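Everything below concerns the one structure shown next.
2 protein chains.
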Amino acid sequence: MPSSPEPGSDAGGPDSIGALAEQAVLGRIVSRLPAVPAAEVGPGDDAAVVASPDGRFVVTTDLMVHGPDFRLAWSRPDDLGWKAAATNLSDVAAMGARPTALVVALAAPADTDVAVLEGIADGLREACAALAPGCGVVGGDLSVSRTLTIAVTAFGDLGSRAPVRRSGARPGDVVAHAGRRGDAARGLALLFARAVDGDDEPDRGRAEALRAAHPDLVEAQLRPRPPVSAGVDAALAGATAMLDVSDGLARDAARIAAASGVGIDFDSAALGAAEGPTVFGAEDHGLLATFPADAAVPDGFDTIGRVTDDAGTVSVDGASIEPVGWDPYEDWNGVTG
Amino acid sequence: MPSSPEPGSDAGGPDSIGALAEQAVLGRIVSRLPAVPAAEVGPGDDAAVVASPDGRFVVTTDLMVHGPDFRLAWSRPDDLGWKAAATNLSDVAAMGARPTALVVALAAPADTDVAVLEGIADGLREACAALAPGCGVVGGDLSVSRTLTIAVTAFGDLGSRAPVRRSGARPGDVVAHAGRRGDAARGLALLFARAVDGDDEPDRGRAEALRAAHPDLVEAQLRPRPPVSAGVDAALAGATAMLDVSDGLARDAARIAAASGVGIDFDSAALGAAEGPTVFGAEDHGLLATFPADAAVPDGFDTIGRVTDDAGTVSVDGASIEPVGWDPYEDWNGVTG
């Protein structure tokens, strides 16, 4: 909806998106995104056309919103694009599918420099190249908004296999996990403790220094590397249930437990911990899967527990735990940074 | 990213999304959305699985952002859901495809009453039922944001036909159009003129009175009814090029002209006007298509011009016109209402 005949009053500098026409901004972004093999029609028409040789496609969508999901003082633009792609690729992988393509809808304040959007495009490209080679951006939308928002929708192909759902775990299955356990939460705790100024406001300089000193933990939070190809490996190995661990092992195990009508019991020795970020930390985007007891658990997965018949429960070494975790509606304090 | 251990300070009333857990909000929304025949796996897992019998799927994504795209004083929540669905369904139709499914990512301020989200869900459902029966919502995401944002991604099936692109128009083709011409812009002009208070701020009471007096024009803007099924009809009739008219006939004709290397000449007698909203008004979401001269233009399309060899031009009765239109980056004045 055009709001009024007047041009934008908060248009920013000459390279801000408020000062450039939509086509000019799109041109600068699309040129950074390589063609995607699965795309019969790519960006530039009313819609894209994407191959789905399986006759079905997997689709997931996830928003990243300035405020609840990121701080501009902590994340570089390419980190934002990377994380937006990575979290969606992980959801595709969690169905046992191979990611084929993304579409990206982006809304940014009118005074945003186009270099920020170019950085986001770079991060989208880099994450696809690193985590799901051949996958890339086939279309999108750009809009202005007071709040920088990145909406990624990702697609995958199942290669004639059944999707691996949350509901297929059976008592006696082994529980296995691929990816980091707790490092994204440890990185976030570091950022909250040490990448803020005297008023507890996010601080860019301190975040950069912290990242240089602890790249592993800080990047686990800002630029996660989910084990995307492990999703297909798990499906081929006969995984009975699987999901992307976005809200912490405990909370996400409870989702498999509820959907499958089983219990999940973790082995603290295999986990290396019985509590803390390892069990409750969010945003690692690992894959939690269950396999029949006689299956060969694929490389990249650690066996960390077993499926019990104690329906709906999550436990560590047999002792029930509360499946708490991060809820964006309950926990955001309104700070944007 | 969890922002801090403190619960949200701007959580609103007991039925606000800030006061309810994400699962509770999701439950209230998903219950309003019927199952979709094309969905092998619907909402509730990491991703949905959607049938694509053609072995390809059409995909488009579009954002609606509070401020540049709508006023809460003018649009009811169900209008927002309706329009978000309708504009995406129209993009699918413009490829000559039948819409099969949507995914919806929604971000709203924490103090938003869940009834607003339920209204948006109702509008999504109603638009699919009215414009593309069988299509519906198969998945989504919910987040908090300072800015109410609706990101819809829509899918379609081509039924083994080639997609109808913008680039296939040939000199001698006829130009035809299905849908409204200028009424969305006329409705918007009415709203700006008469649905504001003494300070030019959007006013809910005046908008309701205006809608009662001029339902046709106001609803063309707030609750458009694009001719979605005409997209497949056009493809079956041999359309050589087609697009969704979102930015006005002149500007969108220029896109076909540029992509096809042709000219588009409108017949003012067939249009009923040579200028004004009929030619330049945005957001009608009709379908502009070109057909071979010997094709039977399908019911629902009006023949309104012809394709010329004057590459890249748009004209009315042979007189060139400037393909101006609405650019969200250039034209938003920052008002939200």
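Chains as they are written, first to last, in my numbering: chain A, -15 to 321; chain B, -15 to 321. From the three backbone atoms N, C-alpha and C, an ideal C-beta is built for every residue, glycine too. In this text, all values refer to a predicted model and were calculated from it rather than measured experimentally.
Cβ of residue 141 of chain A within 9 angstroms of Cβ of residue 38 of chain A?
Taking 9 angstroms as the Cβ cut-off, residue 141 of chain A and residue 38 of chain A qualify as a contacting pair.
In whole angstroms, what separates the C-alpha of residue 46 of chain A from that of residue 230 of chain A?
In a straight line, the C-alpha of residue 46 of chain A is about 12 angstroms away from that of residue 230 of chain A.
Where are the beta strand (DSSP E) runs, 3 residues long or more, that stay fully inside the stretch 117 to 171 of chain A, in chain order?
Counting whole runs of 3 or more residues, the stretch 117 to 171 of chain A contains the beta strand (DSSP E) stretches 120 to 128, 133 to 141 and 158 to 162.
Grab me the residues of residue 129 of chain B's own chain with a C-beta within less than 6 angstroms of its C-beta, minus the 5 sequence neighbours each way, in chain order.
Taken in chain order, the residues that qualify are 91.
4-residue-minimum alpha helix (DSSP H) runs that sit fully inside the stretch 208 to 265 of chain B, ordered along the chain:
Here the runs fully enclosed are 213 to 220, 233 to 244, 252 to 255 and 261 to 264.
In the DSSP output, which residue or residues are listed as bridge partners for residue 98 of chain B?
Paired residue(s): none; residue 98 of chain B is not in a bridge.
Provide the residue(s) that pair with residue 48 of chain A in DSSP beta bridges, ordered along the chain.
Its beta-bridge partners are A:134.
Members of the stretch 16 to 43 of chain B near chain A, C-beta cut-off 7 angstroms
Per Cβ criterion, the list reads 24, 25, 29, 30, 31, 32, 33, 34, 35, 36, 37, 39, 40, 41, 42 and 43.
Got a sec? Which residues, its chain only, sit under 6 angstroms from residue 171 of chain B by beta carbon, not counting five neighbours each side?
Cβ within range, chain order: 201, 202, 204 and 205.
At 9 angstroms on the CB atoms, spell out the chain B contacts of residue 47 of chain A, in chain order.
Here the neighbours are 89, 90, 91, 125, 126, 127, 129, 133 and 135.
Once DSSP output is grouped into helix, strand and coil, what is the label at residue 194 of chain B?
Here residue 194 of chain B carries a helix assignment [DSSP, helix/strand/coil].
Any contact of the stretch 100 to 115 of chain B with the stretch 53 to 60 of chain A, i.e. 3+ C-beta pairs under 8 angstroms?
Using a C-beta cut-off of 8 angstroms, the stretch 100 to 115 of chain B makes no contact with the stretch 53 to 60 of chain A, since fewer than three inter-stretch Cβ pairs fall below that distance.
I believe residue 120 of chain A touches residue 85 of chain A by the beta-carbon criterion, under 8 angstroms. Please report the beta-carbon distance rounded to the nearest angstrom.
That pair is a contact at about 7 angstroms.
For residue 11 of chain B, decide whether its Cβ has a neighbour in chain A, counting only Cβ atoms nearer than 9 angstroms.
Nearest CB-CB separation between residue 11 of chain B and chain A: not below the 9 angstroms threshold.
Is there a C-beta anywhere in chain A that falls below 9 angstroms from the one on residue 138 of chain B?
True, the Cβ-Cβ gap to chain A drops below 9 angstroms.
Identify the continuous alpha helix (DSSP H) that holds residue 203 of chain B and give its terminal residues.
For residue 203 of chain B, the enclosing alpha helix (DSSP H) starts and ends at 199 to 206.
Best match in A:41, A:195 and A:181 for proximity to residue 146 of chain A [C-alpha to C-alpha]
Residue A:41 is the option with its Cα nearest to residue 146 of chain A.
Within-9 angstroms CB hit, residue 150 of chain A to chain B
Closer than 9 angstroms: yes.
Taking C-alpha atoms, which residue in A:89, A:112 and A:222 lies nearest to residue 18 of chain A?
A:112 is the residue among A:89, A:112 and A:222 whose C-alpha sits nearest the C-alpha of residue 18 of chain A.
Taking Cβ-Cβ distances below 7 angstroms as the criterion, which residues of the stretch 216 to 229 of chain B are in contact with chain D?
The question asks about chain D, but that chain is absent: this structure's protein chains are A and B.
With a threshold of 9 angstroms between beta carbons, is residue 298 of chain A in contact with chain B?
So no, residue 298 of chain A is outside the interface.
Among A:7, A:116 and A:209, the one whose alpha carbon lies nearest that of residue 22 of chain A:
When only C-alpha atoms are compared, the closest one is A:116.
Within 10 angstroms of its Cβ, does residue 303 of chain A collect 16 or more other Cβ (buried), or is it exposed?
Only exposed fits residue 303 of chain A, as fewer than 16 other CB atoms lie within 10 angstroms of its CB.
So, at 6 angstroms on beta carbons, what are the nonlocal neighbours of residue 123 of chain B in its own chain, with the 5 sequence-adjacent residues on each side left out?
These residues qualify, in order along the chain: 27, 32 and 87.
Shortest alpha-carbon distance to residue 257 of chain A belongs to which of A:80, A:30, A:167 and A:12?
Nearest to residue 257 of chain A by C-alpha distance, out of A:80, A:30, A:167 and A:12, is A:167.
Helix or strand or just coil, what does DSSP make of residue 71 of chain B?
In the three-state reduction of the DSSP assignment, residue 71 of chain B falls in the helix class, which pools H, G and I.
In angstroms, rounded to a whole number, what distance separates the CA positions of residue 110 of chain B and residue 138 of chain B?
Residue 110 of chain B and residue 138 of chain B have their C-alpha atoms spaced approximately 15 angstroms apart.
Sequence-distant residues of the same chain with beta carbon closer than 8 angstroms to residue 222 of chain A, five excluded per side
The residues 275, 276 and 279, in chain order, have a CB closer than 8 angstroms to that of residue 222 of chain A in the same chain once the five nearest residues on each side in sequence are set aside.
Mapping DSSP to helix, strand and coil, what is residue 86 of chain B?
In this structure, residue 86 of chain B counts as strand in the three-state DSSP scheme.
Would you check if the distance between the CB atom of residue 241 of chain A and the CB atom of residue 162 of chain A is smaller than 9 angstroms?
A distance of 9 angstroms or more separates the beta carbons of residue 241 of chain A and residue 162 of chain A.
Using the C-alpha atoms, what's the distance from residue 209 of chain A back to residue 247 of chain A?
A direct Cα-Cα distance of roughly 28 angstroms separates residue 247 of chain A from residue 209 of chain A.
Would you identify the three-state DSSP class for residue 286 of chain B, choosing helix, strand or coil?
Three-state DSSP puts residue 286 of chain B in a strand.
Residue 194 of chain B at chain A interface by Cβ criterion, 9 angstroms
Not one chain A Cβ lies under 9 angstroms of residue 194 of chain B.
Contact set for residue 63 of chain B: own chain, Cβ-Cβ below 7 angstroms, skip 5 residues either direction
Contacts found: 107, 206 and 207.
Using a Cβ-Cβ distance under 9 angstroms, would residue 56 of chain B count as near chain A?
Not an interface residue.
Bridge partners - residue 40 of chain A, DSSP secondary structure assignment:
For residue 40 of chain A, which the question treats as bridged, DSSP gives the partners B:35.
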